[in-house]
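Chains as they are written, first to last, in UniProt numbering: chain A, 1 to 139; chain B, 1 to 139.
Ideal Cβ placement from N, Cα and C applies to all residues, glycine included.
All figures in this text were calculated on a predicted structure; none of them were measured in a lab.
Pasting the structure below:
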């Protein structure tokens with residue numbers, strides 16, 4: 001088991017992808033008018049790509065166009081004070097190819113929030129890192 | 001009840017602070033070597049300030065020195081597809097005043113991760129916004 005300088009377990013790329021595949025909600029991190037911004041989204045993994053749905057006119061759609069974003073998912077146990085987190089960093093792209101849109105529409109990805117959200121964004125997980133607190137400090 | 005253009009309930013500053021006060025984990029969003037970065041942290045609310053503990057030499061301590069960061073906390077129910085999120089944006093500052101460090105040391109803020117974490121960072125919640133999905137779409 002590999003530990004980082006903080007004593008956290010370093011997760012492999014495969015472990016990171018497994019955890020992301022089993023998690024419905026993550027947070028996309030981007031820049032909005034020169035300020036750091038973060039928005040929770042439900043998502044679906046498609047190979048190494050993180051697929052999210054939004055509306056074409058959303059702030060998220062505008063801010064993530066042809067840029068590098070981060071995407072984070074995690075799970076924590078407040079009782080045991082353990083948990084894991086996975087962060088991906090990569091280019092975000094709006095999906096415009098009709099064949100790819102049709103394929104992504106078959107994924108089990110249904111928006112939680114109301115409104116029409118038929119605009120797909122894919123974040124390529126070019127860098128993927130994950131950490132786990134292995135030894136909790138129970139409350 | 002105020003809704004935004006996406007049909008999500010807009011939370012007041014007071015509601016946002018109440019939710020943050022009852023939540024142990026959030027995510028700090030910053031820039032690391034010109035790339036978007038995000039790191040989960042446990043935290044404690046101190047007035048309008050979000051207090052986190054880290055080690056003096058951490059990437060987080062270096063990257064959040066005298067800069068504007070975002071801080072996000074949320075809670076989601078995957079069964080009901082409901083949830084809320086709160087985002088604060090404001091200046092982060094390292095606490096160097098010994099009297100303030102002594103006061104912050106009395107807060108119920110105990111690091112989950114191993115290692116010494118006696119460096120305090122306070123994020124002033126200058127902008128605070130929150131949203132809630134009020135009508136879930138059960139699975």
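{"Query": "Residue 81 of chain B - DSSP class collapsed to helix/strand/coil", "Result": "coil"}
{"Query": "Cβ-based burial, residue 10 of chain B [other Cβ within 10 Å; buried from 16]", "Result": "exposed"}
{"Query": "Near-chain B residues of the segment 54-88 of chain A - C-beta to any C-beta below 8 Å", "Result": "55, 58, 68, 69, 70, 72, 74, 76, 78, 81, 82, 83, 85, 87"}
{"Query": "Residue 30 of chain A versus residue 113 of chain A - alpha carbon distance", "Result": "20 Å"}
{"Query": "Separation of residue 17 of chain A from residue 48 of chain A, as counted between CA atoms", "Result": "8 Å"}
{"Query": "3-residue-minimum beta strand (DSSP E) runs that sit fully inside the segment 85-125 of chain B, ordered along the chain", "Result": "119-124"}
{"Query": "Residue 45 of chain B and residue 51 of chain B closer than 9 Å at C-beta", "Result": "yes"}
{"Query": "Cβ pair count under 8 Å reaching 3, the segment 62-76 of chain A against the segment 31-41 of chain B", "Result": "yes"}
{"Query": "8 Å Cβ shell around residue 8 of chain B - same chain, five flanking residues per side excluded", "Result": "131, 132, 133, 134"}
{"Query": "Where residue 7 of chain B meets chain A, residues with beta-carbon distance less than 8 Å", "Result": "113, 114, 115"}
{"Query": "Test item: CB-CB of residue 91 of chain A and residue 118 of chain A under 9 Å", "Result": "no"}
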